[in-house]
Structure formats: C-alpha cells, structure tokens
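Colleague: Quick note, in UniProt numbering, the sequence shown goes up one by one and the last residue is 764. Ideal Cβ positions, reconstructed from N, Cα and C, are used throughout, including at glycine.
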Amino acid sequence: MASFTFTTMQQQPTHYYFLSITLCKYPSSASSTHFLYPSPPKHQIPQHFIHRTRHASVRHHFNAKLSTKHYEKKARKETGSGFCSSSRSSNGGTERNKLENLFSSVLEEKAEKKRYVKDKKKMGFDSSSLKSSKTMENNSMVGKKSKKDKANSPVVHLRVQLDMCSKRGDVMGAIQLYDKAIKEGITMGQYHYAVLLYLCSSAAMGIVQPAKSGSGNRPVLNNGKLVDFDNSLANGSTKPYYLEDDEIWVSEDVKKHALVKGFEIYETMCSNNVPMNEATLTSVARMAMSMGDGDMAFDMVKQMKPLGINPRLRSYGPALSVFCSTGDVNKAFEVEKHMLEHGVQPEEPELEALLRVSVGTGKGDKVYYLLHKLRTSVRKVSPSTADIIVRWFESKAASRVGKRRIDQKLIKEAIENGGGGWHGQGWLGKGKWSISYTVVGDDALCKCCGDKLALIDLDPIETEKFAESVASIAIKREKNFSFQKFQKWLDYYGPFEAVVDAANVGLFSQKRFMPSKVNAVVNAIRQKLPSRRWPLIVLHNKRITGRKMDEPVNKALIEKWKNADALYSTPTGSNDDWYWLYAAIKFKCLLVTNDEMRDHIFQLLGNEFFPKWKERHQVHFSFSNTSPVFYMPPPCSVVIQESEKGHWHIPIASELDYDSERTWLCIRRANSHAVKEDSVAITEDSQSLNRNKEHTKSTTQTEVNLNFLPLNNGNYDKPRKLAEEMNKNITSISFASVSSDQHKLLSEIETAEMLGNCVIDFQI
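1) Would Ala194 pass as a contact of Asn277 if the rule is Cβ separation under 8 Å?
2) Between the C-alpha atoms of Val538 and Arg547, what's the straight-line distance to the nearest angstrom?
3) Over what stretch of residues does the alpha helix (DSSP H) that includes Phe323 continue unbroken?
4) Is the stretch 302-317 touching the stretch 250-269, taking contact as three or more C-beta pairs under 8 Å?
5) Note the first and the last residue of the continuous beta strand (DSSP E) segment covering His666.
6) Starting from the C-beta of Val357, find all residues in its chain whose C-beta is less than 7 Å away, skip the five residues before and the five after it, and write them out in chain order.
7) Across the stretch 551-562 and the stretch 466-483, are there enough close Cβ pairs to call them in contact, namely three or more that are closer than 8 Å?
8) Rounded to the nearest angstrom, how far is the Cβ of Ala653 from that of Ser377, given a contact under 8 Å?
9) Once you ignore the five residues that flank Pro154 on each side, which residues in its own chain have a CB closer than 6 Å to its CB?
10) Sort Phe587, Leu307, Phe298 by Cα distance to Val335 and report the nearest one.
11) Taking its Cβ as the centre, do 16 or more other Cβ atoms sit within 10 Å of Arg669, making it buried, or is it exposed?
12) Counting only the same chain and skipping the five closest in sequence on each side, list residues whose C-beta sits under 6 Å from that of Tyr568.
13) Going by DSSP in three states, Phe609 sits in which element: helix, strand or coil?
14) With H, G and I counted as helix, E and B as strand and the rest as coil, what does DSSP make of Ile309?
15) DSSP three-state call for Ser622: helix, strand or coil?
16) Please work out which residues of its chain come closer than 6 Å, Cβ to Cβ, to Thr570, disregarding the five sequence neighbours upstream and downstream, and give them in chain order.
17) What's the C-alpha gap between Leu507 and Arg312?
18) Hey, would you say residue 770 sits closer than 8 Å to Tyr631, going by beta carbons?
19) Assuming Gly360 contacts Val322 (C-beta within less than 8 Å), just tell me the rounded distance between them.
20) Would you mind stating whether Ser399 and Lys432 have Cβ atoms separated by less than 8 Å?
21) I need the DSSP call for Trp534, collapsed to helix, strand or coil.
22) Based on DSSP bridge pairs, tell me the residues matched to Cys446.
23) Tell me whether the stretch 581-596 and the stretch 484-502 touch, counting them as touching only if at least three CB pairs, one residue from each stretch, are closer than 8 Å.
24) What's the gap between the Cα of Met296 and the Cα of Thr280?
25) Is it true that the CB of Ile389 sits closer than 8 Å to the CB of Leu665?
26) Based on the DSSP secondary-structure assignment, which residues constitute the bridge partners of Val592?
27) In whole angstroms, give me the CA-to-CA distance for Met514 and Glu596.
28) Kindly indicate the opening and closing residues of the alpha helix (DSSP H) around Phe630.
29) Indicate whether Ile406 and Ile667 have their beta-carbon atoms separated by less than 8 Å.
30) Report the three-state DSSP secondary structure of Asn541 (helix, strand or coil).
31) Would you identify the three-state DSSP class for Leu428, choosing helix, strand or coil?
32) Who pairs with Trp249 in a beta bridge, going by DSSP?
33) At 4 residues or longer, and completely inside the stretch 398-422: list those alpha helix (DSSP H) runs for me, N to C.
34) Pull up the distance between the alpha-carbon of Trp613 and that of Arg391, whole angstroms please.
35) Given this structure, state the Cα-to-Cα distance separating residue 765 from Gly402, to the nearest angstrom.
36) My output table needs one value for Thr570: the three-state DSSP class, helix, strand or coil.
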C-alpha cells in the first residue's frame with residue numbers, strides 16, 4: 001500500500017517541494033522513492049529580462065512581451081477575469097502585475113529545474129530516476145499547498161544546509177544537522193542521506209574534499225566565526241589541514257566519530273526503507289575500506305545490480321584497494337572479473353593496483369596478463385606504473401618464468417595476426433632480465449638493443465567504420481544539412497594530404513586569433529608533403545568576419561586560401577571539430593592541431609580505435625623565433641611492445657608527451673642463451689662446448705655460476721641432500737659430451753632447476 005507525504009516551506013533563493021512515496025519494503029529495487037522537485041519563487045523577475053539596465057521599465061517590457069493570447073488565457077484562468085494590454089485602469093495594472101508574476105514564475109521554474117537536475121546528478125542520480133521523479137510528481141501530486149508553505153518546509157531547509165556543509169567540507173556540521181533532524185522528526189530522503197554518507201565516508205578516510213562550488217581555500221566557519229581547532233569534538237568542529245589542492249585532513253578523533261556516525265546513518269536509512277543509489281552504496285564501501293574490510297566493500301557493489309543500479313568504476317575502488325593493499329591477489333582479481341562482467345573497464349590506477357599486488361606475490365601469469373591489459377587500454381604507462389614494472393623484472397620470480405624452447409614460426413604468425421608489436425604467447429626465455437632506460441630513433445630502432453619497433457597497422461575496415469561513426473554523429477548534431485554539404489565539398493575538392501585546425505593554430509599562446517600564424521603553419525607543412533599541395537584549412541566562419549579580418553593583410557590571406565580551394569568555413573552554430581576530424585579520417589592524412597581531443601564530443605568515439613588513429617595522424621606544433629616547429633607522428637607505435645625474441649619495450653608518458661623526447665624501458669634477458677628455437681640444430685651453448693672440446697677433456701674445468709632464485713618469499717632453507725643431488729646433476733650436465741642430444745641437455749637442465757628450486761646461468 002502506498003503512502004504519500006507532502007510538506008512545503010520557503011527557502012530563499014531556491015524553492016523546492018518534497019515528495020515521499022513508499023511502495024514496499026527495502027531493499028527491493030522497486031521500493032521506496034523520494035524526490036526533490038524545484039518550484040519557482042514568488043514575485044521574482046528573472047534578471048535577464050531587465051536587459052542588464054537598472055533604469056529600464058520592467059512593466060513596459062512585460063507589456064510588450066506578454067500581449068499574446070496564450071498568456072491572456074493563463075491570466076484569465078489565474079485571475080478569473082479578462083485582460084487587455086492597453087487598459088490603463090488600476091484594475092488592469094493589477095492584472096498585469098499578476099500576469100508578470102505568472103510569466104516570471106514559469107521561466108524561473110525552468111531555470112530551477114535545470115539547476116536541480118545538475119545537483120542531483122552530482123549526487124549520483126541518473127537520468128532515469130530523474131525522469132521517473134517528474135512522472136510520479138505529475139501523476140501523484142494532488143492538492144498543492146501554497147508556495148509559502150513549501151518555502152517553510154524543514155525538509156527543504158535541511159537540504160540547503162547540507163549542501164552548504166558539502167561545499168565547505170564541514171562533516172561535523174552535517175552530523176549536527178542529522179542529529180537535529182532525528183530529534184525533531186524531520187523525514188529525510190535519499191538526497192539527504194547521500195550527502196551525509198559522502199561526508200562521513202570522506203572523513204573516515206582522513207581527507208575531506210570540499211565541493212568545487214564551495215568556499216575554495218576559506219577556512220571552515222561556524223555561525224560566521226572561525227572554528228576553534230583546540231576543541232575538536234566538544235563543539236562539533238574539525239581540525240583541518242589545508243593542502244594545495246584544497247583538501248582537508250581531519251584528526252583521528254574525527255575519523256572515528258565520522259565512521260561511527262556514518263554507519264548509524266546507513267542503518268537509519270535502511271530502517272526507514274529509503275532506497276539506495278550508487279552514491280550511497282559507494283560511500284558505505286569507502287567506510288568499509290577505512291576499516292580494512294574489503295569483503296564488506298565488495299558486498300556493497302554486489303548489492304547494486306539486484307537493486308537495478310549500474311555500478312561505476314568508482315564503486316569498485318574501495319574493495320580493490322583493500323585487497324591489493326593486503327596482498328589478497330585472488331580476491332583482487334575477483335573484483336576485476338566482476339567489473340568486466342558488468343561492463344566496467346579498469347583504467348590505469350586500477351591496473352596499477354592489480355600489478356602491484358601481482359608483483360608482490362610473484363604471480364608471473366598475472367603480470368603478463370596485466371602488461372597486455374595496459375598495452376590495449378593505456379598504451380603508454382605513467383612513471384609510477386613504470387616503477388612497478390621495473391620492480392617485477394628485477395625480481396627473482398621474473399627470472400624463473402618463461403620457456404626455453406619456442407616455436408618461432410608460431411610466434412611470427414601470432415605477431416602477424418595481432419597486427420604487429422605483440423604475440424601473447426607468454427614469457428619467452430629464462431634467466432635474469434636486463435633493464436635500461438632508452439629512446440627510440442627516427443628509424444624506429446631502440447638505441448639500447450637495436451630492435452626495430454613495430455608500426456602497428458590500422459585495419460582499413462575499422463578505419464572506414466570509424467569515419468562513418470564520426471559522420472553519423474556530426475550529421476545528428478549539425479543543422480540545415482551543413483555536414484552533408486561539407487561531405488560533398490570534400491568529394492569535389494579532395495583529396496588532401498593534410499588538414500589544419502586553423503582555430504587551434506591561430507589562437508596558439510594568445511586569446512586573439514591571428515591569421516598570420518595559420519599562414520605560417522600552412523606554408524611550412526606544405527614543404528613536408530610529397531605533392532607540396534595546399535592542406536585543407538578548416539575555420540569557423542566567425543573567424544573570417546569582423547573588423548580585424550577586414551584589415552588588408554588578413555583579408556589578403558583569406559582570399560589567397562579561398563582562391564587555392566583550400567579554405568572551408570564552417571557555418572554559424574556548427575562545431576568545426578567534427579569537420580577537420582572527419583576530413584583527416586576520410587583522406588587518411590595528417591592532422592595539424594595541438595587539440596588533444598579529450599572533450600566530451602570525442603568521448604562519443606570511444607577509447608579503442610581513436611587513440612591509435614590519433615597517434616598515427618596527429619601533428620603537434622609550436623613556434624620558434626623563425627618558423628613553426630612540427631612534431632611529426634612517431635616512426636613506431638607508442639604502445640607497449642613484445643618482440644618475437646621475448647624483449648619488451650614500454651613507453652613512459654611524459655608531461656610534454658613529444659615522441660622524439662620520450663623515454664622507453666628496454667627490457668631483455670641478460671644472457672644470450674635465454675631463448676632457444678626448435679629449428680636450430682645446435683644451440684650456442686653446444687657450439688661453445690664443441691669449440692672447447694679439447695679443453696673440456698683436459699684438466700681445465702668449466703666454470704658454472706649458479707644464481708639460486710628461491711621460492712616461498714626468499715626461503716633458502718633446503719635439505720642438504722637436495723643441494724648435493726642438484727650439484728651432482730649440474731656437474732653431469734656441464735661435462736656432458738658435445739655429441740649428446742640438445743633436447744636431452746635442455747631437459748636435464750630444466751629438471752635440475754626444478755629440483756634445486758633455482759635458475760642455472762652458464763658463464764663458460
């Protein structure tokens with residue numbers, strides 16, 4: 001049975017009414033629903049209707065704007081009488097005032113709704129919940145109370161106060177408001193609990209970050225006075241320490257108090273059958289993380305899907321953090337599996353945490369898997385991730401993993417099928433790794449090992465689909481068939497070998513658009529093109545009009561580009577980004593721009609193919625004292641690469657990110673006998689023994705260097721008999737006849753390594 005609760009009151013300047021509808025007992029996904037909905041203020045004229053002029057006649061303005069049948073009808077309905085715009089009687093003036101207030105309320109309501117939706121989304125509400133809120137409000141609201149009653153609602157007043165606490169990062173103030181609301185019997189909804197749990201979970205972790213719309217670096221105030229830091233919990237204040245990024249560190253006492261109150265608030269929310277959302281459950285998971293309870297944090301995520309909630313990447317952070325910090329590698333990868341099953345892709349911070357726990361526990365198979373996850377999703381790693389990778393290859397566990405015998409034909413086929421740069425067949429070779437920081441030359445050769453890095457091919461079919469997706473999105477967003485006209489223009493005047501994002505070039509390092517910079521870049525890039533043909537210059541039409549562009553120099557440049565059929569000006573209301581991007585994809589040509597294409601419009605293109613395409617085609621630029629400087633696409637793919645020899649080359653991301661100055665990790669086996677091909681009849685070890693056959697038979701003995709790589713976290717305590725037996729096997733192998741079968745020799749070496757729990761590194 002549904003129960004309805006409706007309360008209203010006034011609160012300036014924002015007006016809301018609160019609707020609470022309880023359908024069934026929590027935790028069903030179709031259970032209780034609480035909504036906040038904005039209501040316009042009374043007798044408040046929107047500022048943009050005053051034309052920013054204090055002396056303008058507001059009444060005259062509305063007389064001019066409201067002489068329509070639509071608003072006359074609304075006025076008659078509201079006032080119960082007719083309305084004449086030309087009436088000068090006092091009664092007519094009163095009616096006009098009422099109509100002005102009505103029209104003002106309608107416009108203000110729209111603005112408030114937009115602000116309301118924005119605030120709700122920040123707290124974790126999705127668009128579907130907001131739509132259902134509006135639908136139920138329209139269907140269920142009967143007998144509205146007056147605006148004065150709405151503005152005086154304690155529920156709305158509590159919401160506004162909690163928002164202020166969130167902006168300031170005032171967790172203790174929010175807890176005081178909660179205690180007061182419980183004492184006074186104020187009914188709280190999902191939004192109130194979401195704010196409270198967010199603040200409590202942040203404080204429980206030790207750091208509270210005020211909302212971006214909050215007070216900046218201002219100290220926390222209580223009734224207009226600075227908080228007394230010396231009385232931490234006695235008067236409900238915190239002891240913050242401000243960092244550069246405006247974070248507040250709280251004391252241990254505040255941490256504990258926030259944690260206790262946080263779980264109390266969560267229990268109250270459950271007992272009152274208030275529905276959960278992703279934000280509230282994630283906050284509870286963060287509180288569990290502060291206690292080191294990864295299982296509870298993971299349970300919060302598992303509850304989401306049965307409740308009809310889609311987990312987000314941040315939802316998994318608490319559980320993953322606890323399992324990785326405690327070294328529970330199995331549970332950490334259970335979290336990663338759950339993420340993938342629910343369509344959530346881990347990013348570099350999550351992969352870095354998984355890599356850290358895998359390296360710490362010596363899980364070579366997990367490290368190999370994660371290196372390829374980084375290759376596909378991150379491509380180039382951060383310095384912190386690179387440090388963990390170095391730590392792995394320096395470990396003894398890394399030297400133990402790998403295959404001595406490989407099928408080189410199989411490896412080459414795997415590399416070709418994958419497009420180049422990786423094979424995915426597991427670790428190759430055995431023995432210690434050599435790690436170097438190096439650079440890659442313009443010829444794509446590693447300056448350390450001499451390997452040529454791969455330029456990974458782009459699938460032509462995939463490129464065509466990518467161009468079609470860009471065009472389809474642009475057509476939907478552009479008006480008056482403007483993008484279709486551009487496509488026809490390209491078919492007539494194309495192809496082009498380069499496209500210039502003229503706005504990005506002309507605004508380089510200053511706010512005023514300068515056509516001379518565009519001209520310099522256009523002339524310079526032409527010299528690098530095989531045909532020396534003009535590149536396509538894409539520029540919004542607002543950039544080629546106006547007083548500045550009427551200057552003779554600028555006007556001459558525009559005319560020159562037009563006469564060369566090189567300029568396309570995008571129409572008013574269009575986004576020129578779609579135009580230059582589509583042209584570069586269509587013609588598979590260079591794109592001159594410093595735009596990193598991280599805006600929301602580029603997010604529509606996904607994160608799979610787009611980074612690969614951008615790496616192959618984007619040309620960055622800068623200006624020297626004499627001419628433009630271009631940073632051409634790299635000679636190889638800037639992505640983690642795995643060679644057929646078992647070598648690894650890992651690019652490290654930098655601040656400037658210019659590929660000519662990029663640092664790479666070059667990782668290879670330290671000895672030359674690490675990888676053995678099945679197609680080779682005699683290995684280098686056997687050849688070395690054959691060349692020294694006479695010395696082997698004489699009293700000169702072969703020196704054997706044993707590098708023991710123990711298992712079980714460095715436990716060297718092995719039975720003496722096992723060590724003696726291992727040494728006997730090694731001696732037998734070392735002085736074996738050169739005519740013995742190669743595979744038998746390798747088999748005996750591997751048996752000795754397994755028996756002695758070590759890796760044998762020959763130095764003959």
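Modeller: Straight from the coordinates:
1) yes
2) 20 Å
3) 313-325
4) no
5) The amino acid at residue 666 is misidentified as His; the sequence shows Cys. From DSSP, the beta strand (DSSP E) with Cys666 extends over 664-669.
6) Only Cys324, Gly327, Val329, Ala332 meet the Cβ criterion.
7) Taking 8 Å as the limit for Cβ pairs, the verdict is that the stretch 466-483 does not touch the stretch 551-562.
8) A Cβ-Cβ distance of about 13 Å is found for the pair Ala653 and Ser377, leaving them out of contact under the 8 Å criterion.
9) Ile186
10) Ranking the options by Cα distance to Val335, first place goes to Phe298.
11) buried
12) Val538
13) helix
14) coil
15) strand
16) His540, Asp576, Tyr579
17) In a straight line, the C-alpha of Leu507 is about 37 Å away from that of Arg312.
18) Residue 770 cannot be examined here, being either before or after the span of the chain that is shown, 1 to 764.
19) 15 Å between Cβ atoms; not a contact.
20) yes
21) Trp534 falls in the coil class under three-state DSSP.
22) Val440
23) Remark: three or more beta-carbon pairs, one from each stretch, lie closer than 8 Å, so the stretch 581-596 and the stretch 484-502 are flagged as touching.
24) Each residue's Cα considered, the two are about 14 Å apart.
25) yes
26) Val500, Val619
27) 21 Å
28) Not the alpha helix (DSSP H): Phe630 falls in the beta strand (DSSP E), residues 628-631.
29) no
30) Helix at Asn541.
31) strand
32) Ile207
33) 408-417
34) 32 Å
35) Any property of residue 765 remains undetermined from this structure, which presents the chain solely from 1 to 764.
36) strand
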